[in-house]
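K.L.:
Take a look at this one; I'll ask things after.
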Amino acid sequence: MARQRPCLEPIPPPGEVMQYRAIGLIEGQYIPSPDRFTRGVLRTSDGLDIHAVLLGRVMSLVRKHLRPERNYLWVVYPRTRDKGQNLHVQLMGVWAPEEMGQTLPEGSCPRVVPDWFSIRGEVVFQSQERGFIIVKIRRSHPQLPSPTHPLPAASSSYQQVARPGGQQQAGSALPAAPQAFKLRLLGSLPGKGVGIFWDLQARRRGSQLYIESATPIGPVPRERPQPQAKRSTSPSKPKKKPPSAPRRAQQPLPSQPGLPLDPAKAAKPPKPTKKKRP
41 MARQRPCLEP IPPPGEVMQY RAIGLIEGQY IPSPDRFTRG VLRTSDGLDI HAVLLGRVMS
101 LVRKHLRPER NYLWVVYPRT RDKGQNLHVQ LMGVWAPEEM GQTLPEGSCP RVVPDWFSIR
161 GEVVFQSQER GFIIVKIRRS HPQLPSPTHP LPAASSSYQQ VARPGGQQQA GSALPAAPQA
221 FKLRLLGSLP GKGVGIFWDL QARRRGSQLY IESATPIGPV PRERPQPQAK RSTSPSKPKK
281 KPPSAPRRAQ QPLPSQPGLP LDPAKAAKPP KPTKKKRP
């Protein structure tokens, strides 16, 4: 395989037309909880504490290379809770190429915009009156490269490509049954958006994500129904009847007609009747 050139952006552009993903950039300071290092808050530059989970791939980076008292540009996976609908994030990398000992080529101008998010997925609900939509994102294999340095061109966030017939394709091996999650974004879409794959650009304002631009890609291909197993057409075995009570042996019929079956019970000849005299 040819060696992939380094990407000059913390979030590379999508590699496919229908590539699911939800990823963004937030500048802030990670403060772990006292009892668990991988869970804490991301204190943003505007003074907001966002619940954060530190993924294992960047744990050693945070411990060894980052200074806990300063802000960094974090590459995050956004999530919205079901009840409060507030934003919480998973920290999957840091964009700090100079601190990692790497220098960008001269003349390069990477797109580094804090609080910018790229959301690509299927809109499953929209409300023009209440001003929000819900996007469904299918995710592929969770173990993807971390952008602690300029990323390879093919790596990205949780991403997966929609294919007709339910077949999915991406840069890494996919699980047999890919999971999915939903995001709530504030704003509206131009026209009917349910069932359509959208490329959405969003901006964080406080603890919410607001739609800035929306581009429809096309209808989401549906999975083909799996054929049902055919029933067996082999003839069923006849049921066995319960054994019946034994019958009594029948006596043989007489060989000559008129003879009684039992000689002892044979009819006696009638007695002669006496005629009365006149």
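Under my numbering, think of the first position of the sequence shown as 41, with each following residue one higher. Positions of the beta carbon are idealized from the N, C-alpha and C atoms, including for glycine.
1) Do you know offhand how far ILE173's Cα is from SER85's?
2) I'd like the ranges of any alpha helix (DSSP H) spanning at least 4 consecutive residues and lying wholly in the region 41-103.
3) Going along the chain, which residues of its own chain have a beta-carbon closer than 7 angstroms to the beta-carbon of GLY206, five neighbours each way excluded?
4) Less than 7 angstroms separating the beta-carbons of ILE177 and PHE237?
5) Should PRO108 go down as buried or exposed, given a rule of 16 or more other Cβ atoms within 10 Å for buried?
6) Of all the options LEU88, SER73, GLU162, LEU226, which has the alpha carbon lying nearest to the alpha carbon of THR120?
7) Report the partner residues of ASP239 according to the DSSP bridge assignment.
8) Measuring alpha carbon to alpha carbon, tell me which of ASN111, ILE90, PRO50, GLU49 ends up nearest GLN69.
9) Quick one: using the 10 Å Cβ neighbour count with 16 as the cut-off for buried, is GLN266 buried or exposed?
10) Please state whether DSSP places SER167 in a helix, a strand or coil.
11) For the candidate residues SER228, ALA62, PRO256, TRP156, whose alpha-carbon lies nearest to that of ARG244?
12) Name, in chain order, the residues that DSSP records as bridge partners for HIS128.
13) Are there 16 or more other CB atoms within 10 angstroms of the CB of GLN200, so buried, or fewer, so exposed?
14) Compare the C-alpha of TYR117 against each of ILE51, GLN59, LEU131 and name the closest.
15) As a quick exercise: from ARG76, GLU56, PRO230, PRO72, pick the residue whose alpha carbon is nearest that of GLN166.
16) Near ALA254, what residues of its chain come up, given a Cβ to Cβ distance below 6 angstroms and the 5 sequence neighbours on each side ignored?
17) Taking the beta strand (DSSP E) that LYS319 falls in, what are its first and last residues?
18) Which residues does DSSP pair with LEU226 in a beta bridge?
19) Once DSSP output is grouped into helix, strand and coil, what is the label at ARG244?
20) Looking only at its chain, what residues have a beta carbon closer than 6 angstroms to the beta carbon of ASN126, apart from the 5 residues adjacent to it on each side?
21) From this set, ARG179, LEU249, GLN168, which residue's C-alpha is nearest LYS232's C-alpha?
22) Find out if the Cβ-Cβ distance for the pair ARG179, GLN219 is shorter than 7 angstroms.
P.N.:
Checking against the coordinates, here is how it stands:
1) Residue 173 sits at position 133 when you count from the first residue of the sequence shown. Residue 85 sits at position 45 when you count from the first residue of the sequence shown. Approximately 27 angstroms, taken between the alpha carbons.
2) none
3) Sequence index remark: in the sequence shown, residue 206 carries index 166 (1-based). A caution first: GLY206 carries a pLDDT of 39, below 50, which makes its placement in the model unreliable, though a value can still be read off. Correct list, in chain order: GLU263, ARG264.
4) For this step, residue 177 is matched to residue 137 along the sequence shown. For this step, residue 237 is matched to residue 197 along the sequence shown. No, the Cβ-Cβ distance between ILE177 and PHE237 is not below 7 angstroms.
5) Taking the sequence shown and counting its residues from 1, one reaches residue 108 at position 68. Result: exposed.
6) Stepping through the sequence shown from its first residue, residue 120 is reached at position 80. The shortest C-alpha separation from THR120 is found at LEU226.
7) Taking the sequence shown and counting its residues from 1, the one referred to as residue 239 is at position 199. DSSP output for ASP239 lists ARG160, THR255 as bridge partner(s).
8) Within the sequence shown, the letter at position 29 stands for residue 69. Closest by alpha carbon: ASN111.
9) Counted from its first residue, the sequence shown places residue 266 at position 226. It counts as exposed.
10) By 1-based counting over the sequence shown, the position of residue 167 is 127. It is a strand residue.
11) Reading the sequence shown from its first residue, position 204 is the one you call residue 244. Per the Cα distances, TRP156.
12) For this step, residue 128 is matched to residue 88 along the sequence shown. BP columns for HIS128 point to ARG119.
13) Locating residue 200 in the sequence shown gives position 160, where the first residue counts as 1. Confidence at GLN200 is low in this model, with a pLDDT of 44, below 50, so its placement is unreliable and no value can be given for it.
14) Counting from one through the sequence shown, the residue named residue 117 turns up at place 77. Minimum Cα distance to TYR117 is reached at LEU131.
15) As a first step, residue 166 must be located in the sequence shown, where it is residue number 126. For the residues ARG76, GLU56, PRO230, PRO72, the minimum Cα distance to GLN166 belongs to PRO230.
16) Counting from 1 along the sequence shown, the entry for residue 254 is found at position 214. Closer than 6 angstroms at the Cβ level, and outside the excluded window around ALA254, lie LEU229, TRP238, LEU240.
17) Absent from the structure is residue 319, since the part of the chain shown begins at 41 and ends at 318.
18) Numbered from its first residue, the sequence shown carries residue 226 at position 186. Residue pairing from DSSP places LEU226 in a beta bridge opposite PHE172, TYR250.
19) Position 204 of the sequence shown, counted from the start, is the residue given in the question as residue 244. In this structure, ARG244 counts as strand in the three-state DSSP scheme.
20) Here residue 126 refers to the residue found at position 86 when the sequence shown is read from its first residue. Here the set comprises SER247.
21) Here residue 232 corresponds to residue number 192 of the sequence shown, with the count starting at 1. Of the candidates ARG179, LEU249, GLN168, GLN168 places its Cα closest to the Cα of LYS232.
22) Start at 1 with the first residue of the sequence shown, and residue 179 comes out as number 139. Start at 1 with the first residue of the sequence shown, and residue 219 comes out as number 179. Yes.
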